[in-house]
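Undergrad: In the numbering used here, the protein residues as written are 5 to 235.
(1) Quick check for students: name the residue ranges of the alpha helix (DSSP H) that lie wholly in the region 134 to 181, counting only runs of 4 or more.
(2) Report the rounded CA-to-CA distance for residue 69 versus residue 110, giving the unit in angstroms.
(3) By Cβ distance, which residues of its chain are closer than 7 Å to residue 234, with the 5 residues on each side in sequence left out?
(4) How should residue 79 be labelled, buried or exposed, when 16 other C-beta atoms within 10 angstroms of its C-beta is the threshold for buried?
(5) With residue 52 and residue 37 assumed to form a contact (beta carbons below 8 Å), what rounded beta-carbon distance in angstroms separates them?
(6) For residue 78, which three-state DSSP category applies?
(7) Assuming contact is defined by CB atoms lying nearer than 9 Å, are residue 230 and residue 197 in contact in what I supplied?
(8) Does DSSP classify residue 214 as helix, strand or coil?
(9) In this structure, what does DSSP give as the bridge partners for residue 29?
(10) Measure the alpha-carbon distance for residue 123 versus residue 56 and round it to whole angstroms.
(11) When we look at the beta-carbon of residue 148 and count the other beta-carbons within 10 Å, is it buried (16 or more) or exposed?
(12) Please tell me whether residue 120 and residue 99 are closer than 9 Å, where the distance is taken between their beta carbons.
(13) From this set, 33, 228, 42, 30, which residue's C-alpha is nearest residue 16's C-alpha?
(14) Within a Cβ cutoff of 6 Å, which residues of the same chain sit near residue 61, ignoring the five residues on either side of it in sequence?
(15) Can you list, in chain order, the residues of its chain whose CB lies under 7 Å from that of residue 129, leaving out five sequence neighbours each side?
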């Protein structure tokens, strides 16, 4: 027990280092880094470090996708650069809640994977899909890259691959013990959640009825619900 506790504190220290790195590299602002670290500490001591590693995997893939082709994104005025605590909370709070209570209610495991897969799929689809001419999800009309609710074949494919990676990681880390179940939960929930994000963006966000953070939150809730139903 004492040894496990000491190991957990080693991970906490590593988490603080990761927070400093993300702040120094201007990937997250100060409050965003703090929120990430606090969420991570709670997950370590409530669900375990393997759950946290899946969240870190999402963070790494998101940051890499954001930096990809940043010169082109800047030319379009679509480069986000440093993300804030609002981004961290809207994308991570649902997964955080699922992880915090996952040990008490098994379906929350599916909710956790569903939420993370959705956040991953949506981020990768947005950051990579912008490189291809998109269409509005509600009308299929061609629109400018970066338009709220726009989808593309490239973005959808990359998003699904990102969700698949989350599922594979969930199996390898022992969060979901059945490989087929891990892949089905992650890919289906991630894809459904990602399309929900696009639909809300094309309707409510474009009408200024919801912010991007609201859309992200609802999408991850959708992904979590699908994950709970599939587990």
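Virtual Cβ for every residue (Gly too), placed ideally from N, Cα, C. Quantities reported herein were computed from a predicted structural model and do not represent experimental measurements.
TA: By the coordinates alone:
(1) 157 to 176
(2) 32 Å
(3) 114, 188, 189, 192, 193
(4) exposed
(5) The Cβ separation is near 22 Å, so there is no contact.
(6) helix
(7) yes
(8) coil
(9) Answer is none; residue 29 lacks a bridge partner.
(10) 15 Å
(11) exposed
(12) yes
(13) 42
(14) 173
(15) 159, 160, 162, 163, 198
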